[in-house]
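**Student:** In our numbering, the protein residues as written are -5 to 534. The structure's right below; bear with me while I get my questions together.
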């Protein structure tokens, strides 16, 4: 049986991989293979926005990773959702369109020594993929594939929270995506006509029929292959793919591109002999290159989820608790594509400072007209809202490390939340700010009562401890294969995302971020892929 040969092999059919497959196959002379371990995105709950509740924790669409027990979370371990389906996490995420802050990208430019990553330069990449309801202007694009829409619902309790935030000193804002997202507003979302827009739907589906593009689903890359290992600079020339009962060796004449995300890309690199030498030897793996930075620098947004009971106002807890309420929700969506079934997990957002000394907003709120302990748990029976708040710029760093030499064994994920004194202080301060917002006159008529963590907790130590009990990941793991300057010992990649010391191998996903962006990560990952696609096509 002959070995399949392609110009480019893309590992991972998620957010970045779908865009790369689109861009690289645009030239019919290029042969492109996209390999996705998950299935086709034909599960109906992927496309109905509220279906994230049916997709997270579901083996059909989610890897269902778990973290190691976290000391910072009082020994708790967390479900760590990652999309296992075409579209990757963009098929199961919260659909929030967010870029972060200009300072994030200017810091990347400084950390890499490459102005291509500055805000003024990444803005062009954001605009080129975007199809915004706002139309074409200096901040937004209208001709791309990534649909950005207004949300198709409002909630009285969320409008009141927005007014209370304004009374607490957080200004109203019209657009979170102009480089400074300080303020409060409803989020824009990646939807079209009341349906989710995933990367698979936006970028892959329109070009799936191209003769030079092959898409393999239910196919997991087990190892990368290399030549020239005796020359001091190995070259990645392909991959070993598990597809059903077969193991297929594929070859790439130009590049292998890893887009399996901060967890999947890291695991594959380590299993292929690229990672910390002591870890690889522990599991009996040959060391192709000793690269301590592979799996280090894990960053994530930890959201603390305070819950407030309310009276005299409609919340989803109550509406969805009865048969007639659920029937009304279903009919509204069927007839108008509006209402709770069209909603993102979080509808209202706010960016604020945890204390006045901060120059930039370092907190993000995701406010929801409902309450539940976790996304894989049922909603509560009493009327309530949740004012989830996360530290946008955590200083804690975690790791991803293989637990065995077998690709089907999930790696050890240790985010190391709340490991630094600064992060613990921000956690305590964020709960105090939340209480200050909720105490404003705009919410008084609803008699908000703090259910979690509980108003009796007031000291820094109490707030950190109790906040940790109601904290969860917001699904933004980044940074485990980061880029950086030449000579930076922790930088695995150069500023064009090429793997240092290995030929024909590039990483294009959220793992390349040196520091996490100040917001949600899906659209920044698309920006990274758009920029990288041009470099890959040009061979630079």
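Even for Gly, the Cβ is constructed at its ideal location relative to N, Cα and C. Fair warning: this is a prediction, and the values are worked out from it, not measured in the lab.
Look at the Cβ atom of residue 250, then the Cβ atom of residue 233, and state whether they are nearer than 8 Å.
**Tutor:** Their beta carbons are under 8 Å apart, which means residue 250 touches residue 233 by this criterion.
**Student:** Just to confirm the assignment, what range does the beta strand (DSSP E) spanning residue 214 have?
**Tutor:** From DSSP, the beta strand (DSSP E) with residue 214 extends over 213 to 221.
**Student:** Helix, strand or coil for residue 171 per DSSP?
**Tutor:** DSSP places residue 171 in coil when its eight states are reduced to three.
**Student:** Identify the residues that DSSP records as bridge partners of residue 230: which are they?
**Tutor:** BP columns for residue 230 point to 220.
**Student:** Assuming residue 309 contacts residue 363 under a Cβ cut-off of 8 Å, what Cβ separation, rounded to an integer in Å, is found between them?
**Tutor:** Right, their Cβ atoms sit about 5 Å apart.
**Student:** Can you tell me which of the three DSSP states residue 57 falls into?
**Tutor:** If DSSP states are grouped into helix, strand and coil, residue 57 belongs with coil.
**Student:** Grab the span of the alpha helix (DSSP H) containing residue 423 for me, first residue to last.
**Tutor:** 415 to 432 is the span of the alpha helix (DSSP H), which, as asked, contains residue 423.
**Student:** Taking Cβ positions only, does residue 335 come closer than 8 Å to chain D?
**Tutor:** No chain D is present in this structure, which holds just one protein chain.
**Student:** Which residues mark the beginning and the end of the beta strand (DSSP E) in which residue 142 is found?
**Tutor:** Residues 140 to 142.
**Student:** Helix, strand or coil for residue 115? Go by DSSP, reduced to three states.
**Tutor:** Three-state result, residue 115: helix.
**Student:** Once you ignore the five residues that flank residue 434 on each side, which residues in its own chain have a CB closer than 6 Å to its CB?
**Tutor:** Counting only Cβ-Cβ distances below 6 Å, and skipping sequence neighbours, we find 158, 161, 162.
**Student:** Please report the residue range of the beta strand (DSSP E) in which residue 303 lies.
**Tutor:** Where residue 303 is concerned, the enclosing beta strand (DSSP E) stretches over 301 to 303.
**Student:** Where do the N-terminal and C-terminal ends of the alpha helix (DSSP H) with residue 153 fall, by residue?
**Tutor:** That run of the alpha helix (DSSP H) goes 150 to 161.
**Student:** One question on the structure: do residue 393 and residue 408 come within less than 8 Å of each other, judged by their Cβ atoms?
**Tutor:** Contact: yes.
**Student:** Taking only three categories from DSSP, how would you classify residue 466?
**Tutor:** Reduced to three states, the DSSP call for residue 466 is strand.
**Student:** Specify whether the segment 105 to 124 and the segment 214 to 227 touch according to this definition: at least 3 beta carbon pairs, one from each stretch, less than 8 Å apart.
**Tutor:** Segments in contact, no.
**Student:** How would you label residue 460, buried or exposed, when you count the other beta carbons within 10 angstroms and need 16 or more for buried?
**Tutor:** Residue 460 comes out buried.
**Student:** Could you give the distance in angstroms between the alpha-carbon of residue 35 and the alpha-carbon of residue 194?
**Tutor:** Approximately 8 Å, taken between the alpha carbons.
**Student:** Please check the pair residue 212 and residue 237, which I expect to be a contact at CB under 8 Å, by giving their CB distance rounded to whole angstroms.
**Tutor:** With 8 Å as the limit, residue 212 and residue 237 qualify as a contact, their Cβ atoms being about 7 Å apart.
**Student:** Between the Cα of residue 228 and those of 494, 347, 524, 505, spot the shortest distance and give me the residue it belongs to.
**Tutor:** Measuring from the Cα of residue 228, the nearest candidate turns out to be 494.
**Student:** Whole angstroms is fine: what's the gap from residue 306's alpha carbon to residue 337's?
**Tutor:** The alpha-carbon atoms of residue 306 and residue 337 are separated by roughly 22 Å.
**Student:** Just verifying my parser: in three-state terms, what is the DSSP assignment at residue 371?
**Tutor:** Coil, per DSSP.
**Student:** Mapping the DSSP letters down to three states, classify residue 346 as helix, strand or coil.
**Tutor:** Residue state, collapsed to three classes: strand.
**Student:** Going by other Cβ atoms of all chains shown within 10 Å of its Cβ, with 16 needed for buried, is residue 144 buried or exposed?
**Tutor:** So residue 144 counts as exposed.
**Student:** From which residue to which residue does the alpha helix (DSSP H) around residue 474 run?
**Tutor:** No alpha helix (DSSP H) holds residue 474; DSSP gives it neither H nor E.
**Student:** Check whether the segment 514 to 525 and the segment -5 to 15 touch, using three or more Cβ-Cβ pairs below 8 Å as the test.
**Tutor:** Touching, yes.
**Student:** Which residues mark the beginning and the end of the alpha helix (DSSP H) in which residue 517 is found?
**Tutor:** Looking at the DSSP string, the run of the alpha helix (DSSP H) that includes residue 517 is 516 to 532.
**Student:** Just reading off the beta strand (DSSP E) that residue 177 is part of, what are its end residues?
**Tutor:** 177 to 180 is the span of the beta strand (DSSP E), which, as asked, contains residue 177.
**Student:** Which residues mark the beginning and the end of the beta strand (DSSP E) in which residue 208 is found?
**Tutor:** Counting along the chain, the beta strand (DSSP E) containing residue 208 begins and ends at 207 to 210.
**Student:** What do you reckon, are the CB atoms on residue 55 and residue 77 nearer than 8 Å?
**Tutor:** A contact, by the Cβ cut-off of 8 Å.
**Student:** With DSSP run on the structure shown, which of helix, strand or coil describes residue 197?
**Tutor:** Three-state result, residue 197: helix.
**Student:** If we require 3 or more residues per run, which beta strand (DSSP E) segments fall completely within the segment 36 to 81?
**Tutor:** Counting only runs of 3 or more, we get nothing.
**Student:** Within 10 angstroms of the Cβ of residue 276, are there 16 or more other Cβ atoms? Answer buried if so, exposed if not.
**Tutor:** The residue is exposed, with fewer than 16 neighbouring Cβ atoms inside 10 Å.
**Student:** Could you tell me which of 190, 224, 262 sits nearest to residue 214, measuring between CA atoms?
**Tutor:** Comparing Cα-Cα distances from residue 214 to each of 190, 224, 262, the minimum goes to 262.
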